[in-house]
Amino acid sequence: MMSHLPMLPILIPLLGGLMMLLPPYVGADNYARRRIASLALILLQIGCAIWLLLTVSRDGAMLYALGDWQPPFGIILYADGLAAMLVLLTSVLGLGITLYSCSGTDREGKYFHPLIQFQLLGIYGAFLTNDLFNLFVFFEVLLIASYTLLIHGGGKHRTAANVHYVILNLIGSSLFLIALGTLYGTTGTLNMADMSLRIAALSESQAVIAQTGGALLLIVFGLKSAMLPLHFWLPRTYEAATAPVAALFAIMTKVGVYCIYRVFTVVFGSEAGQLADMALPWIWPLAILSIAAGTLGVLASPNLRTLTGNLVIVSVGTLLVAFALRTPEATAAGLYYLIHSTLISAALFLIADMVGLQRGKAFDRFVLARRVQHQSLLGIMFFVAALSIAGLPPFSGFLGKLVILQSVTEAGDKVLIWSAILISSLAGIVALSRAGTTLFWRHPVSKDTSDTETISSWKVTGTTLLLSTSILLVIFGGHVLEYTNQAAIQLHDVQLLLDVMNLGGTAP
Amino acid sequence: MELLYVICVGVTTFCGVFLCLRGRTFSVVVGLTMLSYAVNLFLFSSGRLSLNGAAILGMSDSYADPLPQALVLTAIVIGFAMIAFVVILSIRARADLGNDLVDGRDPPDTGKLIKSNRAKL
Chain D
1499 MMSHLPMLPI
1509 LIPLLGGLMM
1519 LLPPYVGADN
1529 YARRRIASLA
1539 LILLQIGCAI
1549 WLLLTVSRDG
1559 AMLYALGDWQ
1569 PPFGIILYAD
1579 GLAAMLVLLT
1589 SVLGLGITLY
1599 SCSGTDREGK
1609 YFHPLIQFQL
1619 LGIYGAFLTN
1629 DLFNLFVFFE
1639 VLLIASYTLL
1649 IHGGGKHRTA
1659 ANVHYVILNL
1669 IGSSLFLIAL
1679 GTLYGTTGTL
1689 NMADMSLRIA
1699 ALSESQAVIA
1709 QTGGALLLIV
1719 FGLKSAMLPL
1729 HFWLPRTYEA
1739 ATAPVAALFA
1749 IMTKVGVYCI
1759 YRVFTVVFGS
1769 EAGQLADMAL
1779 PWIWPLAILS
1789 IAAGTLGVLA
1799 SPNLRTLTGN
1809 LVIVSVGTLL
1819 VAFALRTPEA
1829 TAAGLYYLIH
1839 STLISAALFL
1849 IADMVGLQRG
1859 KAFDRFVLAR
1869 RVQHQSLLGI
1879 MFFVAALSIA
1889 GLPPFSGFLG
1899 KLVILQSVTE
1909 AGDKVLIWSA
1919 ILISSLAGIV
1929 ALSRAGTTLF
1939 WRHPVSKDTS
1949 DTETISSWKV
1959 TGTTLLLSTS
1969 ILLVIFGGHV
1979 LEYTNQAAIQ
1989 LHDVQLLLDV
1999 MNLGGTAP
Chain X
9 MELLYVICVG
19 VTTFCGVFLC
29 LRGRTFSVVV
39 GLTMLSYAVN
49 LFLFSSGRLS
59 LNGAAILGMS
69 DSYADPLPQA
79 LVLTAIVIGF
89 AMIAFVVILS
99 IRARADLGND
109 LVDGRDPPDT
119 GKLIKSNRAK
129 L
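Going down the list, the sequences are from chains D and X.
Heads up: the first sequence runs through residues 1499 to 2006, numbered per our numbering.
Heads up: the second sequence runs through residues 9 to 129, numbered per our numbering.
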């Protein structure tokens, strides 16, 4: 059983999702059963993820050869500290949004819960696999689920946003395949560990072709993660999606960031001979510009969901900065920030939805509208989320940004990175305080609010769960940082990966 | 053979990209289809082109790499499903938005804008 552990996070949502398409669960009247099954499945996944994380941090990275085809031939699942951590993060996020959706969002379409499971399956798979083609397959699994989830609930606005999203991602998938073909054609392998060995031994003419493949991969991952010139789709898509779906999508950009971390550290890292760190000259300016573009977007946003979407772009920029520093310390800081920004931006999407539903037609736009009914509850939630994401103490955003700023060692970088991150934080505080005052304090004096919806406790529970992680991340900050440090060292230690794969030193 | 193959892949990719940049969903869908054909052909060629090569060891003198063939098979299945999805989505968008434009509305007529501005001057 222990040796099959890395497979479990993929199997549970796969079988569970299929199960929910079958008789006792399918049908409009059986939504209560689907909810129970969905919650049970997600709790099971969290349990599994914790087990995996404990095992990995005790015994080191684990290898799972599908069909027992040993590397470099078979498809390999590889669970190291980073993958286990991200699987746990995804499942916790999954629990939050499943709880939130039980308030009634899940009844707007028939297949909400199975689709969420398939989406989670794709995300877990993308984190766990060590085979580039398999990564493509899991990308497609998570994308097809996200296409259908994005249109969940229906409506003109969603259809229009979905057309753009689907077409962009289909072109992205084509580029991904071209990149894979190029890399397979030059290195003759798809296993990331094996590829890192062979890429260093390429001849000059072959290396140029492999570089093209690597650059194409960077474009694909940049599209998924909303890196600067490829970020235009994000605010509109996230604004159109239903709240729990938008919250779940908060992890999707991080999948792209994770792939950049993984592929451009292992395959095109410092050991790659002529192609060593080939992505760095691109990622440096793009990361800083992403922060700048996101910050401008934050200041210009007309409603809370677009504002959150732009904050996601800022966080992606910050994560890419942490990648571009190329030290394990910076990567560890980036990973801590990744956990924080995923959970808090997800929570902010949920809060935007709750606030919006109480403000009538204005929804979450920053205009004068009727008074929010549960002002203190929603206000406190928004306050915590806003302080957290803007990076003010005592919440996790402060710690996350602090460790990233501390990990910058060179004076030249310091000027650039410190000013970029601090100015964007300041702009974030300005935009969020403006948003908060408009949403909660500016309303006509006496207006009847009796017809607004009350907030279901499911929604409050789901959002509180996500928000409480911000405080937990600070209280257990030392342990989390220690763990991310280990994960980062593991990620940067390519030799360790080769040893686990039994490929060490057998380069042809 | 290589030259012919390269030209085929190149021309198909070119047409696919060109059509993807059009404003209406029909041409974009056709473009995506052509792009996926080109990608499949390209993937197939990543194991080098060979004639009369067996994919199983011990069957003949020359061998063909079986892995790209498996990859292409997977890519075809996935690509086919995705194209089917985008076709249905375009029909839905045609019904929901009342037109078949990717943006859901007519692009601003730049020619007219310039003319009216000139008339003001």
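Where a beta carbon is used, it is the ideal one built from N, C-alpha and C, also for glycine.
* For D:Ala1770, does the three-state DSSP call read helix, strand or coil? -> coil
* Which residues of chain X have a Cβ atom closer than 7 Å to the Cβ of D:Asn1628, listed in chain order? -> By Cβ distance, chain X contributes nothing, its closest Cβ being about 16 Å from D:Asn1628, past 7 Å.
* X:Arg113 (DSSP reduced to helix, strand or coil) -> The DSSP-derived three-state label of X:Arg113 is coil.
* Asked: Hey, out of D:Phe1637, D:Gln1873, D:Phe1610 and D:His1662, whose CA is closest to D:Ile1621's CA?
  -> D:Phe1637
* When the cut-off is 8 Å and only beta carbons count, does D:Asn1660 lie next to chain B? -> Any reference to chain B falls outside this structure, whose protein chains are D and X.
* To do: Compare the C-beta of X:Met90 with all C-beta atoms of chain D and state if any pair is closer than 8 Å.
  => yes
* Answer with yes or no whether the minimum CB distance from D:Asn2000 to chain X is below 8 Å. => Among the residues facing chain X, D:Asn2000 is not included, as its CB has no counterpart in that chain under 8 Å away.
* May I ask which residues mark the beginning and end of the beta strand (DSSP E) holding D:Ala1563? => Met1560 to Ala1563
* Asked: Shorter than 8 Å from the beta carbon of X:Ala72 to some beta carbon of chain D?
  -> no
* Alpha-carbon to alpha-carbon, X:Phe88 and X:Ala101 -> 20 Å
* Excluding sequence positions up to five away, which residues of its chain have a Cβ less than 6 Å from the Cβ of D:Asn1983? -> Ala1830
* Asked: Would you say the region 1550-1562 of chain D touches the region 1574-1581 of chain D, given that touching needs at least three Cβ pairs under 8 Å?
  -> yes
* Asked: From D:Ser1955 to D:Asp1851, what distance separates their C-alpha atoms?
  -> 14 Å
* To do: Mind reading off the beta-carbon distance from D:Leu1995 to D:Leu1695? Whole number of angstroms is fine, and I expect it under 8 Å.
  => Not quite, the Cβ-Cβ distance comes to about 10 Å (not below 8 Å), so this is no contact.
* Asked: Beta-carbon of X:Leu65 versus every beta-carbon of chain D: anything under 8 Å?
  -> no
* **Own chain, CB closer than 7 Å to D:Thr2004, minus 5 neighbours either side, in chain order** => Residue placement at D:Thr2004 is poorly supported in this model, since its pLDDT is 49, which falls under 50; the coordinates are not used for a value here.
* D:Arg1932: which of D:Pro1800, D:Phe1821 and D:Ile1919 sits nearest, CA to CA? -> D:Pro1800
* **D:Phe1610 versus D:Lys1899: straight-line alpha-carbon distance, rounded** => 35 Å
* Asked: Is DSSP giving X:Tyr45 helix, strand or coil here?
  -> Collapsing the DSSP output to three states places X:Tyr45 in a helix.
* Asked: For D:Gly1651, which of D:Ile1676, D:Thr1627, D:Ala1738 and D:Phe1616 has the nearest alpha-carbon?
  -> Considering only D:Ile1676, D:Thr1627, D:Ala1738 and D:Phe1616, the residue with the shortest C-alpha distance to D:Gly1651 is D:Ala1738.
* **Residues within the region 1522-1541 of chain D neighbouring chain X, beta-carbon criterion of under 9 Å** => Answer in chain order: no residues at all.
* Identify whether X:Arg32 lies in helix, strand or coil by the three-state DSSP scheme. => strand
* How long is the line joining the alpha carbons of X:Leu79 and D:Gly1686, rounded to whole angstroms? -> 13 Å
* Among D:Ile1595, D:Tyr1736 and D:Pro1507, the one whose alpha carbon lies nearest that of D:Ala1624 -> D:Pro1507
* chain X partners of D:Thr1657, CB-CB under 9 Å? -> Leu97, Arg100, Ala101, Ala103, Asp104, Leu105 and Gly112
* Asked: Can a CB atom of chain X be found closer than 8 Å to the CB of D:Ser1672?
  -> Residue-level contact by beta carbon holds for D:Ser1672 and chain X, with a gap shorter than 8 Å.
* To do: Just tell me which of D:Leu1618, D:Ala1867, D:Ile1953 and D:Ile1544 has its CA closest to the CA of D:Val1450.
  => Past the boundaries of the shown model lies residue 1450 of chain D; chain D is included only from 1499 to 2006, so the question cannot be answered.
* Between which two residues does the beta strand (DSSP E) carrying D:Ala1577 extend? -> Ile1574 to Ala1577
* Contacts of X:Ala83 in chain D (Cβ-Cβ under 7 Å) -> Correct list: Leu1675.
* Pick helix, strand or coil for D:Met1863, following the three-state DSSP scheme. => Going by the sequence as given, residue 1863 of chain D is Arg instead of Met. Residue state, collapsed to three classes: strand.
* Asked: Around the Cβ of X:Ile122, are there at least 16 other Cβ atoms within 10 angstroms (buried) or fewer (exposed)?
  -> exposed
* **D:Asp1456 classed as buried or exposed, judged by whether at least 16 other C-beta atoms fall within 10 angstroms** => Nothing can be reported for residue 1456 of chain D, as the shown portion of chain D is limited to 1499 through 2006.
* Asked: Since D:Gly1960 contacts D:Gly1594 with CB under 8 Å, what's their CB separation in whole angstroms?
  -> With a Cβ gap of about 5 Å, D:Gly1960 and D:Gly1594 count as contacting.
* Asked: Is any beta-carbon of chain X found at less than 8 Å from that of D:Ile1642?
  -> yes
* Asked: Would you say D:Ala2005 reaches chain X, if we count a Cβ-Cβ gap shorter than 8 Å as a contact?
  -> Per-residue confidence for D:Ala2005 stands at a pLDDT of 45, beneath the threshold of 50, marking its modelled position as unreliable; no derived number is given.
* Determine, using beta carbons only, whether X:Leu43 comes closer than 8 Å to chain D. => yes
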